[in-house]
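Numbering (my numbering), first residue to last: -18 to 110.
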Amino acid sequence: MACGQDGPGDHDHDDGFVISVTVCRGCCCGTARKHPETDHEGQLRQLAEVGVRVRVAADCLGPCEHSNVMVVHPSSVLRRQGARVVWLGGVHDSRLIVHIGRWAAQGGPGATVIPEAVRPFVISRPERR
């Protein structure tokens, strides 16, 4: 997954328990041209405010038919225990960002179940290009 520089919510170190969310801002996700009703910068702030490390992907993550795409990463500790990333698509609403942020702040993938409000937005990981 090609990611640009880390965005708001960076931590100085990864103690093994840092949860991160990669936010696609490639070809169409995160653009006012495609989604003028979405507060794209506000999404980044909302996630950072609950202590989530936000990574902004400068390159397209792939599934443009599901834009806006986000990927919630488990902590490195949980990843070693088998937890896997969760891909989300169609993330436009600030209320949904609240649910994603709370889930990530509570440990995210592998630590807690995906919240009911987030489940309809889970998408399959795209095939590698």
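For every residue, glycine included, the Cβ atom is placed at its ideal position computed from N, Cα and C.
Span of the beta strand (DSSP E) holding residue i?
i, result
"L69", "67 to 69"
"H54", "51 to 54"
"R76", "Segment 75 to 86 is the alpha helix (DSSP H) holding R76; no beta strand (DSSP E) there."
"S1", "1 to 5"
"R36", "34 to 38"
Rounded to whole angstroms, what's the CA-CA distance from residue i to residue j? Just pull it up for me.
i, j, result
"V50", "G89", "17 Å"
"V72", "A38", "15 Å"
"I78", "S57", "22 Å"
"E18", "A98", "20 Å"
"T3", "H47", "15 Å"
Along the chain, where does the alpha helix (DSSP H) containing residue i start, and where does it finish?
i, result
"V58", "57 to 61"
"G21", "Residue identity differs from the one stated: residue 21 is His in this sequence, not Gly. Residues 21 to 30."
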